[in-house]
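Worksheet for the structure shown next.
Numbering (my numbering), first residue to last: 1266 to 1599.
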């Protein structure tokens, strides 16, 4: 378990002090994929660098399995860091080394024999789906392939925690999807705790079970991804979940007649859901706002509906929609 207790980090500047983190407290369970999301400058990268003590917090404690890693000496901290590995937006591969040698590098630093390191590296190339790229150099690979090599290198020391700092931000959507699927597979297969730092809500929706929203160095909201995504409470969360302004505010309509649908992988149907509800149940719905997209044969996104006809009609609509797989229904509060 990872526990962040009142973590603050300040940086001295020429014109004063910048408070990058302010009393951040989080608990991340073993084996979880946990998202930390915020806009640029929110303090995300500073926070992730504090977790492995690349940045030492100005105040607060970081406990891993009950051990305060900030109190460790340099030798003990180096040993602990072997179990906390990191991948980055820029891959950070050694360009003069082959892919196999890149993966071997942390093993060499740990004193593993060359034969054993190369065997382990070959196994990891299989794990990340690039068994034939051992002799290639990073410059010969695509961005997605380079990130796979970076993931293999991160796994070389059998880590317990994998930190991903904007690891898919430089990749196209299709490649991002494949990297996230690989991270999910590694999490399930190896039981590694994964912390994903990102500014993309779509990344959190895809792989994370829980999320913390960071804004100006403060955690303004945290919880299950499904709950934060369907019913964001903070202004920062609303900006991330509804970037085009489809917020919970619905002026001109009675708040007790409005519901939000969240499509979380619902199957695409020949007849749109709202039209089907009208045909099946005779319930008319006015679409106030919608942000939906199809990925393959599945629908993701949000929709705000106004149900005319009073509380009984609203209850019937909610009951009908709650029985649709992968559709979450929320009554919008005033």
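All residues carry an ideal CB built from backbone N, CA and C; glycine is no exception. Note that this is a predicted model, so its numbers are computed, not measured.
- The C-beta of residue 1568 has 16 or more other C-beta atoms within 10 Å across all chains shown, which makes the residue buried.
- Each residue's CA atom was taken as its position, placing residue 1364 and residue 1396 some 10 Å apart.
- Bridge partners of residue 1277 according to DSSP: 1282.
- The C-beta distance from residue 1272 to residue 1289 rounds to 4 Å, short enough to meet the 8 Å contact threshold.
- Bridge partners of residue 1326 according to DSSP: 1270.
- Residue 1597 is a Cβ neighbour of residue 1525, given a cutoff of 7 Å.
- Pairing residue 1506 with residue 1593 gives a Cβ-Cβ distance that is not under 7 Å.
- Annotation: the continuous alpha helix (DSSP H) that includes residue 1408 extends over 1408-1420.
- With a threshold of 16 other beta carbon atoms within 10 Å, residue 1359 falls short and is exposed.
- With a cut-off of 8 Å on Cβ pairs, the stretch 1317-1334 is not in contact with the stretch 1299-1309, counting fewer than three such pairs.
- Here residue 1369 carries a helix assignment [DSSP, helix/strand/coil].
- Per the coordinates, the alpha-carbon of residue 1532 lies some 28 Å from the alpha-carbon of residue 1577.
- Assignment of alpha helix (DSSP H) within the stretch 1432-1517, counting only whole runs of 4 or more residues, yields 1438-1455, 1466-1472, 1490-1495, 1500-1506 in chain order.
- Per the coordinates, the alpha-carbon of residue 1391 lies some 17 Å from the alpha-carbon of residue 1403.
- By the 16-neighbour rule on beta-carbons within 10 angstroms, residue 1276 is exposed.
- Under the three-state reduction of DSSP, residue 1564 is assigned to strand.
- Approximately 12 Å separates the beta-carbon atoms of residue 1494 and residue 1530; this is outside 8 Å, ruling out the contact.
- Rounded to whole angstroms, residue 1548 and residue 1522 show a C-alpha spacing of 13 Å.
- When beta bridges are read from the DSSP output, residue 1552 appears opposite 1570.
- The beta carbon of residue 1291 sits closer than 6 Å to the beta carbons of 1269, 1477 from its chain, once the five residues preceding and following it are set aside; these are given in chain order.
- A buried status is given to residue 1579, since no fewer than 16 other beta-carbon atoms sit within 10 Å of its beta-carbon.
- For residue 1411, the number of other beta carbons within 10 angstroms of its own is at least 16, and it is reported as buried.
- The C-beta distance from residue 1371 to residue 1421 rounds to 5 Å, short enough to meet the 8 Å contact threshold.
- Residue 1534 has its alpha-carbon roughly 26 Å from the corresponding atom of residue 1574.
- Residue 1374 has no beta-bridge partner at all, per DSSP.
- Counting of Cβ neighbours within 10 angstroms places residue 1341 among the exposed residues, the total staying below 16.
- Using a Cβ distance threshold of 7 Å, residue 1484 and residue 1473 do not count as a contacting pair.
- Judged by beta-carbon spacing, residue 1349 lies beyond the 7 Å limit of residue 1462, meaning their Cβ atoms are not closer than that value.
- Taken atom to atom, the span from the alpha-carbon of residue 1550 to that of residue 1540 is near 9 Å.
- For the pair residue 1343 and residue 1557, the Cα-to-Cα distance works out to about 46 Å.
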